[in-house]
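**Student:** Here's a structure for you.
This is the structure:
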């Protein structure tokens, strides 16, 4: 994948690496009362550039320390301030990675009000839309993302999920987005699974590497992640939970590793 295509597992704009985590704190629970304003962070006082840099650093440091409550508080401070658009995007990413999909959407849209041309690149917004139950909007976002990143099986999978939830698995299969030449294991097999419904090739590919091979852990993670997503799309919550729990347990230190934890928690609701 090229850097400019910003694939789901390699998006780098101000994103924060995170450590693996089995059980997430209650910060992942969605509020029963949704507001279009980010929750208060008690930061109505005038802020400076040094404040914004400090809050951004606080968010990064807190996520690295698996302190999601502190990370979310830092994101709220940024969202309520006059911080630059790059910092506002960091706040949106942090909110999603802390499990607050609804306010992440508000924050992403705030960013896009100023940079509308970036919408096709913000696959993260599509994921947030899924977690917030906005399946049609999520599917549309992933369709836009394919225009700038046509070879990403993960994008096709999330689009499949949104269409399946908003319409039906049969419709999702009919509307499956092409994603050729994604050579990351087991992405080729994941795409075939979405077409055929056969999960066996994904499982075989997951276990096709020696224990010491660098790709083994990545293949295991992404295999479990997308086996879980596919099961969720079909309405098989028990199988989805099993695979997403496994993905969350052994997640890599990247954006999708965090999303696996959010997804695992989401399925438990």
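Numbering (this note's numbering), first residue to last: 3 to 271. Backbone N, C-alpha and C fix where the C-beta goes; we use that ideal spot for every residue, glycine too. Since we're looking at a predicted model, the values are computed, not measured.
Residue 52 lies in the alpha helix (DSSP H); which residues open and close that run?
**Tutor:** Counting from 1 along the chain shown, the entry for residue 52 is found at position 50. Taken as a continuous stretch (DSSP letters only), the alpha helix (DSSP H) holding residue 52 covers 51-66.
**Student:** Terminal residues of the continuous alpha helix (DSSP H) containing residue 183?
**Tutor:** Position 181 of the chain shown, counted from the start, is the residue given in the question as residue 183. Looking at the DSSP string, residue 183 is not in any alpha helix (DSSP H), and its letter there is neither H nor E.
**Student:** Can you tell me the Cα-Cα spacing of residue 144 and residue 161, whole angstroms?
**Tutor:** For this step, residue 144 is matched to residue 142 along the chain shown. For this step, residue 161 is matched to residue 159 along the chain shown. Cα-Cα distance, rounded: 6 Å.
**Student:** Give the C-beta separation of residue 64 and residue 73 to the nearest angstrom, bearing in mind that I take them to be a contact with Cβ-Cβ under 8 Å.
**Tutor:** On the chain shown, position 62 is the one that residue 64 refers to. On the chain shown, position 71 is the one that residue 73 refers to. Confirmed, about 4 Å.
**Student:** When the Cα atoms are used, what is the spatial distance from residue 164 to residue 217?
**Tutor:** Translated into the one-based positions of the chain shown, residue 164 becomes position 162. Translated into the one-based positions of the chain shown, residue 217 becomes position 215. Going by the C-alpha atoms only, they are around 28 Å apart.
**Student:** Less than 7 Å between the beta carbons of residue 221 and residue 233, yes or no?
**Tutor:** Mapped onto the chain shown, residue 221 falls at position 219. Mapped onto the chain shown, residue 233 falls at position 231. Not closer than 7 Å, so no.
**Student:** Which of the three DSSP states, helix, strand or coil, is assigned to residue 212?
**Tutor:** As a first step, residue 212 must be located in the chain shown, where it is residue number 210. Residue state, collapsed to three classes: coil.
**Student:** Select from 112, 83, 159 the residue whose C-alpha is nearest the C-alpha of residue 52.
**Tutor:** On the chain shown, position 50 is the one that residue 52 refers to. Ranking the options by Cα distance to residue 52, first place goes to 83.
**Student:** Leaving aside the five residues before and after residue 227 along the sequence, list all residues of the same chain whose C-beta is less than 6 Å from its C-beta, in chain order.
**Tutor:** Counting from one through the chain shown, the residue named residue 227 turns up at place 225. Excluding sequence neighbours, residue 227 sits near 249, 262.
**Student:** Could you have a look at residue 153 and say whether DSSP puts it in helix, strand or coil?
**Tutor:** Taking the first residue of the chain shown as position 1, residue 153 is located at position 151. Coil.
**Student:** Between residue 98 and residue 61, how many whole angstroms is the CB-CB distance? I'm expecting something under 8 Å.
**Tutor:** Position 96 of the chain shown holds residue 98. Position 59 of the chain shown holds residue 61. Contact flag wrong, Cβ pair sits at about 12 Å.
**Student:** Is it right to say residue 235 is buried, meaning 16 or more other beta carbons lie within 10 angstroms of its own, or is it exposed?
**Tutor:** Counted from its first residue, the chain shown places residue 235 at position 233. So residue 235 counts as buried.
**Student:** Which residues mark the beginning and the end of the alpha helix (DSSP H) in which residue 174 is found?
**Tutor:** One-based indexing of the chain shown puts residue 174 at position 172. Note, residue 174: alpha helix (DSSP H), 171-176.
**Student:** What residue does the alpha helix (DSSP H) around residue 241 start on, and which one ends it?
**Tutor:** For the purposes of this step, residue 241 is taken as residue 239 along the chain shown, with counting starting at 1. First-last of the alpha helix (DSSP H) with residue 241: 239-251.
**Student:** Under the assumption that residue 194 contacts residue 203 (Cβ atoms under 8 Å), give the Cβ distance between them as a whole number of angstroms.
**Tutor:** Taking the first residue of the chain shown as position 1, residue 194 is located at position 192. Taking the first residue of the chain shown as position 1, residue 203 is located at position 201. Right, their Cβ atoms sit about 6 Å apart.
**Student:** What whole-angstrom Cβ distance do residue 159 and residue 192 have, given they're in contact under 8 Å?
**Tutor:** In the chain shown, counting from the first residue as 1, residue 159 sits at position 157. In the chain shown, counting from the first residue as 1, residue 192 sits at position 190. About 6 Å separates the two Cβ atoms, so the contact holds.
**Student:** Since residue 184 and residue 151 should fall inside the 8 Å C-beta cutoff, what is the C-beta to C-beta distance between them, to a whole number of angstroms?
**Tutor:** Taking the chain shown and counting its residues from 1, one reaches residue 184 at position 182. Taking the chain shown and counting its residues from 1, one reaches residue 151 at position 149. Wrong, their Cβ atoms sit about 10 Å apart, outside the cutoff.
**Student:** Our contact map puts residue 155 next to residue 177 with C-beta atoms below 8 Å; I'd like the distance itself, whole angstroms only.
**Tutor:** The sequence position of residue 155 within the chain shown is 153, counting from 1. The sequence position of residue 177 within the chain shown is 175, counting from 1. In fact, because the Cβ distance is near 15 Å, the residues do not count as touching under 8 Å.
**Student:** Grab the span of the alpha helix (DSSP H) containing residue 2 for me, first residue to last.
**Tutor:** An answer regarding residue 2 cannot be provided, because it is not within the stretch 3 to 271 covered by the chain.
**Student:** Does the Cβ of residue 212 have 16 or more other Cβ atoms within 10 Å, making it buried, or fewer, making it exposed?
**Tutor:** For the purposes of this step, residue 212 is taken as the residue at position 210 of the chain shown. That one is exposed.
**Student:** Identify, in the order they occur along the chain, each residue of the same chain with its Cβ nearer than 6 Å to the Cβ of residue 106, setting aside the five sequence neighbours on each side.
**Tutor:** What you label residue 106 is simply residue 104 of the chain shown in a count that begins at 1. These residues qualify, in order along the chain: 94, 97, 98, 130.
**Student:** Is residue 84 helix, strand or coil by DSSP?
**Tutor:** Residue numbering aside, residue 84 sits at position 82 when the chain shown is read from its first letter. It is coil, neither helix nor strand.
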